[in-house]
Ligand SMILES: [Zn+2]
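Numbering (this note's numbering), first residue to last: 4 to 389.
Structure (structure tokens):
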């Protein structure tokens, strides 16, 4: 990340640009966040919706190796945020986040209302959207100020949060919102959810994870993507992007050109990074995929699911979610192909046109998609839990 600016020299950028990564978890959003954050104008912070609870309140580990309560970056952000939001309290703010981002009723009200600035939740006296909006915008401004970068990548993914941010932009004009809807093959998502893990805080695993049955993952995938489609449809055509994980890892140059379009930045620093094959280094991410705790991460597709999911599990996924996956250009045959990449002609460009950015492929390690490759060093592959 960029050299951190001393607090005294921080300019208060009034309207930070926010690139919001939308969709399900375990779809490669942590890697996308790291990749975007490798740009000198962009600061990636992972799942910002969890920073207050997991970082400031619970003191979980930041990707820099320190607990968030001891990390210089997050401490500086917290200080600037308190100044910007007239001494707001993290616990009170977390309460507002939960009220507007985690409840289905709130999401439905946000979906129906024209002016959220007047919205308060009737069952929760004093919980007003205005407070939530002001403190959320202040948090983005604080991150931009402390990092010295004008663009913040928030890979919270939660469609309800994206909906709240749409209102925040429309009613208050306090952020400039760009939306990237990231989708991964439902079978890759299901496999990633099916694996079980043991708790290891220092490695970014906060609790034991028993794994989720594939049928449940398939239904979650459909539900979250339907919501994401709805939110994306409500945003300006030129400031949103639909992106498939498989296209990002198999044709990173074209995907980065589209990401540069939607973020209004020059793609040159990213293309330079691909040429030099420099590994990605996590900056300060508090919540998200455990891959953020790795020191160096290289770009490699994770297609373990092709060999690890049983034919019956693949059939269940396709039976429940195939109709939706087909709309995103996934094919049932990709599940039978164990050696080649399943990427189809790429949807790029903010309008979702096919292949609108022909860019010569720079010298870059060709992504191999064999199972042997991904299992050789699973901790450094593009694992996609976040
Ligand atoms: Zn840190």
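The beta-carbon is built from N, C-alpha and C at its ideal position, and this holds for glycine as well.
Is the beta carbon of residue 77 within less than 8 Å of some heavy atom of ligand 1?
yes
Checking 9 Å against the spacing of the C-beta atoms, do residue 167 and residue 136 come in under that value?
Contact: yes.
Do you know how far the Cα of residue 147 is from the Cα of residue 217?
39 Å
Cutting at 7 Å between CB atoms, please list the residues of its own chain near residue 276, excluding the five before and the five after it.
41
Does the segment 176 to 185 touch the segment 235 to 242, meaning 3 or more C-beta pairs lie closer than 8 Å?
yes
Let me make sure I understand the geometry here. Which of 159, 45, 169, 20 has the alpha-carbon closest to that of residue 32?
159
Just checking my contact of residue 3 with residue 164 at CB under 8 Å: how many whole Å lie between their CB atoms?
Here the chain comprises residues numbered 4 to 389, so residue 3 is not present and cannot be evaluated.
Compute the Euclidean distance between the alpha carbons of residue 324 and residue 192, then round it to the nearest angstrom.
11 Å
Regarding residue 150 and ligand 3, is the C-beta to nearest heavy atom distance less than 8 Å?
The model depicted lacks ligand 3 and carries ligand 1 instead.
Grouping DSSP H, G and I as helix and E and B as strand, with all else coil, what is residue 19?
Coil, per DSSP.
Out of 327, 45, 50, 142, state which residue places its alpha-carbon closest to the alpha-carbon of residue 93.
A check of alpha carbon separations from residue 93 across 327, 45, 50, 142 identifies 142 as the nearest.
Cutting at 8 Å between CB atoms, please list the residues of its own chain near residue 259, excluding the five before and the five after it.
38, 270, 273, 274, 277
Let me know if residue 73 comes out buried or exposed under the rule of 16 or more other beta-carbons within 10 Å of its beta-carbon.
With fewer than 16 other beta carbons inside 10 angstroms of its own, residue 73 counts as exposed.
Would you please state the rounded distance, in angstroms, between the beta carbons of residue 69 and residue 63? I believe it to be under 8 Å.
With 8 Å as the limit, residue 69 and residue 63 do not qualify as a contact, their Cβ atoms being about 11 Å apart.
Is it the case that the Cβ atoms of residue 392 and residue 331 are separated by a distance below 9 Å?
A query on residue 392 cannot be resolved here, the shown segment of the chain reaching from 4 to 389 and no further.
Just checking residue 66 against ligand 1 - is the residue's beta carbon closer than 8 Å to any of the ligand's heavy atoms?
Under cutoff, so the answer is yes.
By DSSP, does residue 366 sit in helix, in strand, or in coil?
Residue placement at residue 366 is poorly supported in this model, since its pLDDT is 32, which falls under 50; the coordinates still yield a value, given next. Of the three classes helix, strand and coil, the one that applies to residue 366 here is coil, per DSSP.
Roughly how many whole angstroms lie between the Cα atoms of residue 214 and residue 60?
Rounded to the nearest whole angstrom, the C-alpha separation of residue 214 and residue 60 is 27 Å.
Could you tell me if residue 326 is buried or exposed, where buried requires 16 or more neighbouring beta carbons within 10 angstroms of its beta carbon?
Looking at its Cβ environment, which holds fewer than 16 other Cβ atoms inside 10 Å, residue 326 is exposed.
Which residues in the same chain have their Cβ closer than 8 Å to the Cβ of residue 263, if we skip the five residues on either side of it in sequence?
269, 270, 273
Tell me whether residue 63 sits in a helix, a strand or coil according to DSSP, three-state version.
coil
Can you tell which of 25, 187, 161, 153 has its C-alpha closest to the C-alpha of residue 106?
161
Between the Cα of residue 288 and those of 234, 119, 65, spot the shortest distance and give me the residue it belongs to.
65
Between residue 175 and residue 67, what straight-line distance do the alpha-carbon atoms span, to the nearest angstrom?
So the alpha carbons of these two residues sit roughly 34 Å apart.
Any heavy atom of ligand 1 closer than 8 Å to the beta-carbon of residue 74?
yes
With the cut-off set at 9 Å, would you say residue 132 and residue 117 are in Cβ contact?
Going by C-beta atoms, residue 132 is not nearer than 9 Å to residue 117.
Output yes or no for whether 9 Å exceeds the beta carbon distance between residue 153 and residue 20.
Yes.
Under 8 Å: does the beta carbon of residue 69 sit that close to some heavy atom of ligand 1?
yes
Taking the alpha-carbon positions, what's the residue 329 to residue 310 distance?
Taking the straight line joining both Cα atoms gives about 21 Å.
Closest to residue 170 by C-alpha separation, out of 56, 96, 112, would be which residue?
Selected option, being the one with the closest Cα: 112.
Given a cut-off of 9 Å, decide if residue 223 and residue 305 are closer than it, judged by their beta-carbon atoms.
no
Could you round the C-beta distance between residue 320 and residue 190 to whole angstroms and report it? I think they count as a contact, below 8 Å.
5 Å
Going residue by residue through the segment 153 to 202, where are the continuous beta strand (DSSP E) segments of at least 3 residues, counting only ones entirely within it?
Here the runs fully enclosed are 154 to 160, 179 to 186.
Report the three-state DSSP secondary structure of residue 122 (helix, strand or coil).
coil
Taking the alpha-carbon of residue 79 as reference, which of 149, 99, 45, 30 has the nearest alpha-carbon?
Looking at 149, 99, 45, 30, the one whose alpha-carbon comes closest to that of residue 79 is 149.
Check whether the Cβ of residue 287 sits closer than 8 Å to any heavy atom of ligand 1, and report yes or no.
At least one heavy atom of ligand 1 is nearer than 8 Å to the Cβ of residue 287, so yes.
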